[in-house]
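Following: one structure in structure tokens, then a few remarks.
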Amino acid sequence: SSSSSSFSFTPRNANETRVFISPLARKTALEKGVDYAKIRGRGPNGRVTNLDVLEFVASGGAANVKSSAQQQQQSSGGAEFDASIYFPEYEEVPISTIKKITAKRLTESKQTVPHFYLTVDVNMDAVNATRARMNALLEKEKNGKKISVNDFVVKASAAALRAVPEVNSSWMDTHVRQYKLADVCVAVQTDKGLMVPVVRSACCLGLRDISSEVKSLAEKAKMGKLQGKDISGGTFTVSNLGMFSVKHFAAIVNPPQAGILAVGGTRKEIVKTKDGMYKETNVMSATLSCDHRAVDGVDGAKWLGAFKSYMEDPSTMLL
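Going letter by letter, the sequence shown gives residues 341 to 659 in the numbering used here.
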């Protein structure tokens with residue numbers, strides 16, 4: 341046999357020692373036909389650098405040698421090449437069951453549900469003032485828990501669903517199902533993935549009861565103690581990223597629901613008053629995502645108008 345046969349080798353398997361090599365060096369090794377496992381790295385912790393590969397090639401080490409990747413490609417009959425060799429070192433992160441289910445359902449939603457989006461800016465001055473008064477009263481009570489802005493959002497959403505039932509619905513292929521009560525799901529991020537527990541009959545609850553229920557469900561979600569009844573059903577969803585300083589975003593509809601509201605954080609803005617003066621006010625952006633099969637644009641606009649009205653005058657939610 342020729343002297344080149346001394347360079348033949350078998351591809352490395354999972355049990356062999358890991359080779360640390362820079363992305364550029366790996367790319368060069370592939371292009372030059374070099375098995376980088378044969379190269380002695382002189383970088384930190386024995387890492388193979390691009391210079392190491394070039395010097396190995398210049399010394400004749402690449403003569404008639406195919407890299408492991410090339411051999412694998414050849415043995416697979418020209419199958420699609422694994423482009424991951426061009427990327428930096430990485431870690432494979434396991435996917436939880438919750439995340440798998442969420443990924444499947446959201447993918448189906450974007451592929452099968454025709455979305456449309458509507459956005460309004462809500463003046464939050466009245467909500468902030470009302471919330472401050474309520475929390476001041478709750479502080480005087482034993483174990484009194486504060487009411488959050490999100491509690492107002494859930495309450496206003498539920499009230500708007502009663503006012504505009506076209507959004508409180510599901511597309512059923514042969515007909516549209518409209519619900520008589522508003523069961524509002526609240527998106528909660530956990531270590532295992534996104535959970536959406538349900539606040540049952542939110543349209544019939546006061547702010548204190550909504551606040552208590554949301555806190556209880558969120559705590560159960562984060563502790564992994566939600567039961568099937570806690571996450572089943574729901575006629576509408578609220579997703580709030582305001583606590584992360586997000587100004588605006590659009591959420592994906594959660595079938596069979598026909599709508600989901602995405603709210604951002606409250607921000608300061610200078611606005612012109614009716615008498616021509618200017619003042620600083622608190623503003624929150626809210627975006628409604630709808631299933632266009634069940635909800636028409638006008639109905640979505642009416643719902644968002646009702647939500648904005650309830651938020652800007654919270655007392656009307658009590659009527």
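All C-beta atoms in this analysis are idealised placements derived from N, C-alpha and C, irrespective of residue type, glycine included.
Do the CB positions of residue i and residue j come within less than 7 Å of each other?
{"i": "R607", "j": "V593", "result": "no"}
{"i": "S649", "j": "D461", "result": "no"}
{"i": "G599", "j": "V507", "result": "yes"}
{"i": "K440", "j": "M657", "result": "no"}
{"i": "R502", "j": "C544", "result": "no"}
{"i": "G604", "j": "V586", "result": "yes"}
{"i": "A428", "j": "P363", "result": "This sequence places Pro at residue 428; Ala is not what is there. A contact, by the Cβ cut-off of 7 Å."}
{"i": "S541", "j": "L557", "result": "no"}
{"i": "Y457", "j": "S629", "result": "yes"}
{"i": "P537", "j": "I571", "result": "yes"}
{"i": "A365", "j": "T389", "result": "yes"}
{"i": "I438", "j": "G533", "result": "yes"}
{"i": "T472", "j": "A646", "result": "First, the amino acid is wrong: residue 472 is Ala here, not Thr. Their beta carbons are not under 7 Å apart, which means A472 does not touch A646 by this criterion."}
{"i": "D631", "j": "V453", "result": "yes"}
{"i": "W309", "j": "V489", "result": "With the chain covering only 341 through 659, there is no way to say anything about residue 309."}
Between the alpha carbons of residue i and residue j, how many angstroms are there, rounded?
{"i": "R633", "j": "T575", "result": "15 Å"}
{"i": "R491", "j": "V467", "result": "Here residue 491 turns out to be Asp, not Arg, going by the sequence shown. One C-alpha to the other measures close to 11 Å."}
{"i": "T627", "j": "C525", "result": "16 Å"}
{"i": "M464", "j": "T621", "result": "8 Å"}
{"i": "F360", "j": "I435", "result": "26 Å"}
{"i": "N580", "j": "L601", "result": "8 Å"}
{"i": "T530", "j": "K565", "result": "12 Å"}
{"i": "I487", "j": "G386", "result": "57 Å"}
{"i": "K406", "j": "G373", "result": "Its pLDDT being 49, under 50, K406 is placed unreliably in this model, and the coordinates cannot settle the point."}
{"i": "A561", "j": "Q567", "result": "9 Å"}
{"i": "R380", "j": "A369", "result": "13 Å"}
{"i": "F589", "j": "F396", "result": "52 Å"}
{"i": "V638", "j": "A527", "result": "26 Å"}
{"i": "T514", "j": "R445", "result": "21 Å"}
{"i": "A449", "j": "R382", "result": "Residue identity check: residue 449 is Ser in the sequence provided, not Ala. When rounded, the distance between both Cα atoms is 51 Å."}
{"i": "M474", "j": "V433", "result": "44 Å"}
{"i": "T577", "j": "G484", "result": "27 Å"}
{"i": "S426", "j": "E371", "result": "Sequence check: residue 426 is Tyr here, not Ser. C-alpha separation (whole angstroms): 11 Å."}
{"i": "A469", "j": "L547", "result": "15 Å"}
{"i": "L394", "j": "Y430", "result": "24 Å"}
{"i": "A498", "j": "M651", "result": "12 Å"}
{"i": "V539", "j": "K480", "result": "26 Å"}
{"i": "V493", "j": "A377", "result": "59 Å"}
{"i": "D653", "j": "T447", "result": "37 Å"}
{"i": "S509", "j": "M617", "result": "43 Å"}
{"i": "I550", "j": "E609", "result": "29 Å"}
{"i": "K482", "j": "M563", "result": "25 Å"}
{"i": "A476", "j": "S552", "result": "17 Å"}
{"i": "A591", "j": "D375", "result": "47 Å"}
{"i": "K569", "j": "A641", "result": "32 Å"}
{"i": "H455", "j": "Q518", "result": "19 Å"}
Could you tell me the boundaries of the alpha helix (DSSP H) in which residue i lies?
{"i": "A641", "result": "G637 to E652"}
{"i": "T368", "result": "P363 to K372"}
Would you give the residue range spanned by the beta strand (DSSP E) that residue i belongs to?
{"i": "D461", "result": "H455 to N463"}
{"i": "T575", "result": "From DSSP, T575 is part of no beta strand (DSSP E); its letter is neither H nor E."}
{"i": "L501", "result": "No beta strand (DSSP E) holds L501; the alpha helix (DSSP H) holding it covers V489 to A503."}
{"i": "L534", "result": "G533 to M535"}
I need the DSSP call for residue i, collapsed to helix, strand or coil.
{"i": "M512", "result": "coil"}
{"i": "V524", "result": "strand"}
{"i": "R540", "result": "coil"}
{"i": "V433", "result": "coil"}
{"i": "D549", "result": "helix"}
{"i": "T389", "result": "coil"}
{"i": "Q451", "result": "helix"}
{"i": "S399", "result": "coil"}
{"i": "I379", "result": "coil"}
{"i": "S585", "result": "coil"}
{"i": "N445", "result": "Asn is not the amino acid found at residue 445; the sequence shown has Arg there. It is helical."}
{"i": "R633", "result": "coil"}
{"i": "A409", "result": "Any reading at A409 needs caution, since the residue's pLDDT is 49, under 50, leaving its predicted position unreliable; the model's value is listed next. Looking at A409 - three-state DSSP - the assignment turns out to be helix."}
{"i": "R471", "result": "helix"}
Sorry if obvious, but does the Cβ on residue i come closer than 6 Å to a heavy atom of the ligand FAD?
{"i": "V623", "result": "Because no ligand of any kind appears in the structure shown, any question about the ligand FAD cannot be addressed here."}
Practice prompt. Please go through the stretch 587-627 and give each complete alpha helix (DSSP H) segment of 4 or more residues, from N-terminal end onward.
Written response: none
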